[in-house]
Amino acid sequence: MKQKRPRGNYFTFAFILLAFVLGVEAQRHGYLNFARENPGDIYRLLLQHLQLVFISATIAVALGLSMGIVLTRGFMRRYRETILNLLGICQTVPSLAVIAIAMTYLGIGRKTAIFALVVYSLLPIIRSTVAGIFQVDPALVDAGHGMGMTPRQVLFKVEIPNAMYIILTGIRTAVVINVGTAAMSFLVGGGGLGDLIFSGLAMVDAGLMLAGAVPTACLAIILNWSFERLENLIISPGIPRGE
Amino acid sequence: MIELNRVTKIYPGAAQPAVDSVSLTVPQGEICVFIGPSGCGKTTLMRLINRLIPLTSGSISVDGKDIMTLNPIELRRQIGYVIQQVGLFPHMTVRDNIATVPKLLGWTKAKIDERVDELLGLVNLDPREFRDRYPRQLSGGQAQRIGVARAMAADPTTMLMDEPFGAIDPINREVLQDEFLRIQAKLKKTIIFVTHDINEAIKMGQRVVLLQDGRLVQAGLPDELLNRPANEFVKSFVGSDRVLKRLNLLKVRDAMMLNPVHCLKGDLSEKVLEQMIKCDLAFLIVADRDQKLLGYVNQYDLRGHKGMVGDVVRKLTLTVSPERNLKEALSQMLSYDLGILVAVDEEGHIQGVLNSATLFKLVGATYDERGGHWGRITASGRIL
């Protein structure tokens, strides 16, 4: 199982090579001048961006997990489908529109940005929590109850550990998408790397735009990778990794 | 001990009760098998006992305590629970799976570790090899052994088993059944065992309860169900081969003829031959003074032989233990074309003789009392 995949190494190598070639190319066109001259600005905005992502993700995970769990409980049986469908419809609203709508009520600022990000990442987390818990073999739940676990023990000792793989995949998707969406929070005065991207776009300054876009992309990739590591730590080795 | 008194379960909105006024007592230390076609209510009835399904009316008591007066969570921790799908928790090691109930009960780690190893030994799995495995690294048979060990972890007096060996291939099922009976002989739990397999019911149950549409149709010893089915339903359920199924239940000891006619190795051949002709015996068993089986002689060997029978005795290699079941004994007789089978104990002392006549008499059919060319076996002891 712990077999090393040599193909992964080729990909990494190709990726580094590509980044190097692009970097050289960018340098030739003078795209890196802004970044070289203003590392402090990039760093500050990156931190802001990270804050936006982490705060919204924490809230979204807490809310999404609990809402997802509530939806799987027996007493919600009748409303489950309706609620999930409603949330599904909400998800089709473009992220930009969510931010715009949030702004009309909450004004501009970080709060608005975070609110929009939470709303936008809630559905994948709820969905994956519900799907994860529902795919747990009913025999396990029956065995848990039959041996005298309380409903809470069945949830925390049986259902959630066995749903973890799917739940974490949902959270990972939500967070990674959030990194991209967070760039838009600049539009409502929420700060973040979107500042550089949108300014660069407005001023047709590729250097400025890249100074925002490249860190954003790297952040998404690094977060995705960290989550995969985290999954290996959290999920029991007894649970087969589904594809 | 489990007592059911007019136990009834009606699911909300159902026209027919799922379990209809069943009364029943399972004495301490017995395996009681619930059997019936699917939908007969056998699983429902079992799940009423640990309150996984709420009772509609009637009462159930376990070890003298009315289950409705107990907290359902505590009740379930006192009752072992085994299901067909095994239901081992895939994210836990074998050790943690077995430790489920002890952990709920707050045992110390040392006590749990000791108990886990003891239970693994009990179900014939090496603790060192299996303790830290995950369920997906187990075969179906191994998994269900762990399932049984897990149910026994907190040493409950009572166990509920819902088709525990139903998903296991026939060969391993036999092994697991035998192992379980061996464990049960030692531990004497009060067990409710649900199955739809009549052969399993007959093998496992000291008492078999046949259910149909939620009603108890017949309850009794396995042999009673086979021998005296209460009605046409029972008769058709136990199958037209119910006579053959009885062979599984009966031991060689039940069918063998005690004190069979024989001669001693020191007897004179001439005299023995004379008696054999007189009694119309073609063959005769030979023993020593301690009733130890030496073999057999036939008329042909003795004809014209001067001296003792012991000099011409032929070896009789196929014998049977009185504790084997009749089905195995009959199978041996058929595969080696034996007219008789001598039952001997471990030291080789003659216990009795089984032939087709005694066998068929026992299971109900008539047969040539002369028993083929071995002649009539009579319970007259020595021939001389």
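Line by line, the protein sequences give chains Y and S. Counting in this note's numbering, the first sequence runs from -12 upward without gaps. Counting in this note's numbering, the second sequence runs from 186 upward without gaps. Quick reminder that beta carbons are idealized off the backbone N, C-alpha and C, glycines included. Since we're looking at a predicted model, the values are computed, not measured.
Margin query: Would LEU32(Y) and GLY179(Y) qualify as a contact pair, given that the criterion is a beta-carbon distance under 9 Å?
Written below: Taking the first residue of the first sequence as position 1, residue 32(Y) is located at position 45. Taking the first residue of the first sequence as position 1, residue 179(Y) is located at position 192. For LEU32(Y) and GLY179(Y), yes; Cβs fall inside 9 Å.
Checklist line | Residue closest to ARG97(Y), alpha-carbon to alpha-carbon, out of ARG23(Y), PRO138(Y), HIS36(Y) | finding: By 1-based counting over the first sequence, the position of residue 97(Y) is 110. It is HIS36(Y).
Checklist line | Closest residue to PRO148(Y) among THR137(Y), ILE120(Y), VAL166(Y), ILE76(Y) (Cα-Cα distance) | finding: Here residue 148(Y) refers to the residue found at position 161 when the first sequence is read from its first residue. Selected option, being the one with the closest Cα: ILE120(Y).
Notebook entry, point to check: If you draw a straight line from the alpha carbon of ASN357(S) to that of LYS430(S), how long is it in whole angstroms?
Noted result: Sequence index remark: in the second sequence, residue 357(S) carries index 172 (1-based). Sequence index remark: in the second sequence, residue 430(S) carries index 245 (1-based). Computed Cα separation, rounded: 20 Å.
Check: DSSP three-state call for CYS448(S): helix, strand or coil?
Finding: Reading the second sequence from its first residue, position 263 is the one you call residue 448(S). It is a strand residue.
Notebook entry, point to check: What are the residues of the segment 122 to 143 of chain Y that lie near chain S, defined by any Cβ-Cβ distance shorter than 9 Å?
Noted result: ASP124, PRO125, ALA126, LEU127, VAL128, ASP129, ALA130, GLY131, HIS132, GLY133, MET134, GLY135, MET136, THR137, GLN140
Note to self: For ASN190(S), list the residues DSSP reports as bridge partners.
What the structure shows: Here the question's residue 190(S) lines up with position 5 in the second sequence. Looking at the DSSP assignment, ASN190(S) forms a beta bridge with SER244(S).
Next item on the list: Flag this pair as yes or no: are the beta carbons of THR228(S) and VAL471(S) separated by less than 9 Å?
Entry: Residue numbering aside, residue 228(S) sits at position 43 when the second sequence is read from its first letter. Residue numbering aside, residue 471(S) sits at position 286 when the second sequence is read from its first letter. No, Cβ-Cβ distance for THR228(S) and VAL471(S) is not below 9 Å.
Notebook entry, point to check: Taking DSSP as the reference, what is the three-state secondary structure of GLN653(S)?
Noted result: Any question about residue 653(S) goes unanswered here, given that chain S covers just 186 to 569.
Next item on the list: Answer with yes or no whether the minimum CB distance from ASN235(S) to chain Y is below 9 Å.
Entry: Your numbering for residue 235(S) matches position 50 in the second sequence. Interface residue, yes.
Next item on the list: Kindly indicate which three-state DSSP category PHE404(S) falls into: helix, strand or coil?
Entry: If you number the second sequence from 1, residue 404(S) lands on position 219. Correcting the residue type first, residue 404(S) is Ala in the shown sequence and not Phe. It is a strand residue.
Notebook entry, point to check: In chain order, which alpha helix (DSSP H) runs of at least 4 residues are fully inside the segment 121 to 175 of chain Y?
Noted result: 125 to 133, 147 to 168
Checklist line | Euclidean distance between Cα positions of ASP205(S) and ILE238(S) | finding: Residue numbering aside, residue 205(S) sits at position 20 when the second sequence is read from its first letter. Residue numbering aside, residue 238(S) sits at position 53 when the second sequence is read from its first letter. Roughly 15 Å between the two C-alpha positions.
Check: Is ILE253(S) helix, strand or coil when you go by DSSP?
Finding: Indexing the second sequence from 1 puts residue 253(S) at position 68. In the sequence on display, residue 253(S) carries Met and not Ile. The answer is helix: DSSP assigns MET253(S) an H, G or I state.
Notebook entry, point to check: If we cut at 9 Å on Cβ distances, does ASN149(Y) have a partner in chain S?
Noted result: Taking the first sequence and counting its residues from 1, the one referred to as residue 149(Y) is at position 162. Answer yes: the Cβ-Cβ gap between ASN149(Y) and chain S drops below 9 Å somewhere.
Check: Based on the DSSP secondary-structure assignment, which residues constitute the bridge partners of TYR92(Y)?
Finding: Position 105 of the first sequence, counting from 1, holds the residue named residue 92(Y). None, per the DSSP bridge assignment.
Checklist line | Against chain Y: residues of the segment 363 to 392 of chain S by CB proximity under 9 Å | finding: none
Margin query: Can you pull out the residues from the segment 277 to 295 of chain S whose beta carbon lies closer than 8 Å to at least one beta carbon of chain Y?
Written below: Under the 8 Å Cβ criterion, the segment 277 to 295 of chain S contributes MET277, THR278, THR285, VAL286, LEU289.
Check: Within the 9 Å Cβ cut-off, does TYR642(S) reach chain Y?
Finding: In this structure chain S extends from 186 to 569, so residue 642(S) is not present and cannot be described.
Next item on the list: Grab the span of the alpha helix (DSSP H) containing THR229(S) for me, first residue to last.
Entry: The residue labelled residue 229(S) in the question sits at position 44 within the second sequence. It spans 227 to 234 - the alpha helix (DSSP H) in which THR229(S) sits, taken as one unbroken run.
Check: Using a Cβ-Cβ distance under 9 Å, would ILE226(Y) count as near chain S?
Finding: Locating residue 226(Y) in the first sequence gives position 239, where the first residue counts as 1. For ILE226(Y), the answer is yes, since a Cβ of chain S falls inside 9 Å of its Cβ.
Notebook entry, point to check: Under the three-state reduction of DSSP, which class applies to ARG499(S): helix, strand or coil?
Noted result: Position 314 of the second sequence, counting from 1, holds the residue named residue 499(S). Of the three classes helix, strand and coil, the one that applies to ARG499(S) here is strand, per DSSP.
Notebook entry, point to check: Which of helix, strand or coil does DSSP assign to SER425(S)?
Noted result: Residue numbering aside, residue 425(S) sits at position 240 when the second sequence is read from its first letter. Collapsing the DSSP output to three states places SER425(S) in coil.
Checklist line | Closest residue to ALA386(S) among GLY424(S), LEU372(S), GLU417(S) (Cα-Cα distance) | finding: Stepping through the second sequence from its first residue, residue 386(S) is reached at position 201. Measuring from the Cα of ALA386(S), the nearest candidate turns out to be GLY424(S).
Notebook entry, point to check: Any beta-carbon of chain S closer than 9 Å to the one on ILE222(Y)?
Noted result: Taking the first sequence and counting its residues from 1, the one referred to as residue 222(Y) is at position 235. It does; some Cβ of chain S falls within 9 Å.
Next item on the list: Name, in chain order, the residues that DSSP records as bridge partners for ALA472(S).
Entry: To locate residue 472(S), count along the second sequence from 1; it is residue 287. Partner(s): LEU449(S), LEU478(S).
Next item on the list: Would you verify that the beta carbon of GLY272(S) is, or is not, closer than 9 Å to some beta carbon of chain Y?
Entry: Your numbering for residue 272(S) matches position 87 in the second sequence. Output row for GLY272(S): interface = yes.
Check: Going straight from the alpha carbon of GLY75(Y) to that of THR168(Y), what length do you get?
Finding: Position 88 of the first sequence, counted from the start, is the residue given in the question as residue 75(Y). Position 181 of the first sequence, counted from the start, is the residue given in the question as residue 168(Y). Cα-Cα distance, rounded: 18 Å.
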